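The block underneath contains the structure these notes are about, expressed in structure tokens.
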Amino acid sequence: MVLPNQLTVLRIILTPVFLVLFLSGEPWMIQVSYLVFIIAAITDWYDGWLARKFNYITEWGKFMDPLADKILTSTAFMAFVLVGILPMWMVLIIIIRDILITLLRIYADHRKISFTTSRTAQVKTFIQMFFLYYLLLIYTLNTFEKLHTTYYNLFEILLNRDILFYSMLFITLFTLITGISYIFSNRYLIKQMTNREN
5 MVLPNQLTVL RIILTPVFLV LFLSGEPWMI QVSYLVFIIA AITDWYDGWL ARKFNYITEW
65 GKFMDPLADK ILTSTAFMAF VLVGILPMWM VLIIIIRDIL ITLLRIYADH RKISFTTSRT
125 AQVKTFIQMF FLYYLLLIYT LNTFEKLHTT YYNLFEILLN RDILFYSMLF ITLFTLITGI
185 SYIFSNRYLI KQMTNREN
């Protein structure tokens with residue numbers, strides 16, 4: 005197995021490790037979970053760079069790499085549901101939309117059909133990732149006793165439930181809209197894929 009694919013496997017393995025540490029309730033384990041997530045995220049960038057630079061592109065990698073990314077980010081979003089910070093229904097909309105579109109793109113690539121990626125979809129990904137990294141960073145910093153005590157009022161603002169709710173609501177609606185737009189702009193290709201299957 006080529007190195008980029010090994011890194012993809014590592015990312016998948018690190019995902020449940022991150023979740024267990026994050027949900028432990030122990031401050032030091034939550035802090036370690038943040039490092040685990042960052043390492044997993046770095047493997048995402050690094051395996052893509054290696055695959056392009058040294059032409060380590062395989063069918064397995066093209067299928068598993070984007071799927072591993074969605075597994076990692078979806079798990080992180082779900083972790084914040086489980087600790088009571090994000091609403092379940094919003095996260096489920098994001099997860100279902102992202103996984104469906106990812107599977108469609110993987111299938112289209114397998115059938116040698118080019119899917120159009122919109123600018124808004126790229127913006128959606130950036131906003132999602134920015135919000136997720138923000139949550140992970142602030143939540144982790146808040147587990148350091150000295151920081152929590154010294155900057156208690158600041159953390160109350162940064163983790164304000166109303167602010168997080170409406171931020172997540174915006175992200176959810178934007179994600180849903182881009183998903184619908186994505187399918188509509190590629191409707192003829194989706195029809196072509198269906199016809200080929202038949």
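Going by our numbering, the first residue of the sequence shown is number 5, and it counts up by one from there.
All residues carry an ideal CB built from backbone N, CA and C; glycine is no exception.
Since this is a predicted model, take the numbers as computed values, not measurements.
Residue burial classification, residue i (beta-carbon count within 10 angstroms, cutoff 16)
i, result
"R15", "buried"
"I127", "Checking the sequence shown, residue 127 turns out to be Val, not Ile. Its Cβ having fewer than 16 others within 10 Å, V127 is exposed."
"D166", "exposed"
"G183", "buried"
"F174", "exposed"
Whole-angstrom C-beta distance between residue j and residue i, which should lie under 8 Å
i, j, result
"L86", "L27", "6 Å"
Residue i (DSSP reduced to helix, strand or coil)
i, result
"T147", "coil"
"G52", "helix"
"T8", "According to the sequence as given, residue 8 is Pro; it is not Thr. Residue state, collapsed to three classes: helix."
"R115", "coil"
"Y156", "helix"
"T62", "coil"
"P91", "coil"
"S78", "helix"
"L27", "coil"
"S171", "helix"
Does the pairing of the region 10-25 with the region 70-78 give three or more beta-carbon distances under 8 Å? Yes: the two stretches touch, three or more of their Cβ pairs being nearer than 8 Å.
Does the structure place the region 149-167 close enough to the region 60-69 that three or more beta carbon pairs sit under 8 Å? Touching, no.
Using 8 Å as the cut-off, can you tell me whether the region 51-61 makes contact with the region 102-122, which would need three or more C-beta pairs spanning the two stretches below that distance? Flag = no, the region 51-61 and the region 102-122 do not touch.
Counting pairs of beta carbons, one from the region 104-114 and one from the region 146-153, are three or more of them closer than 8 Å? Cβ pair count under 8 Å is below three, so no.
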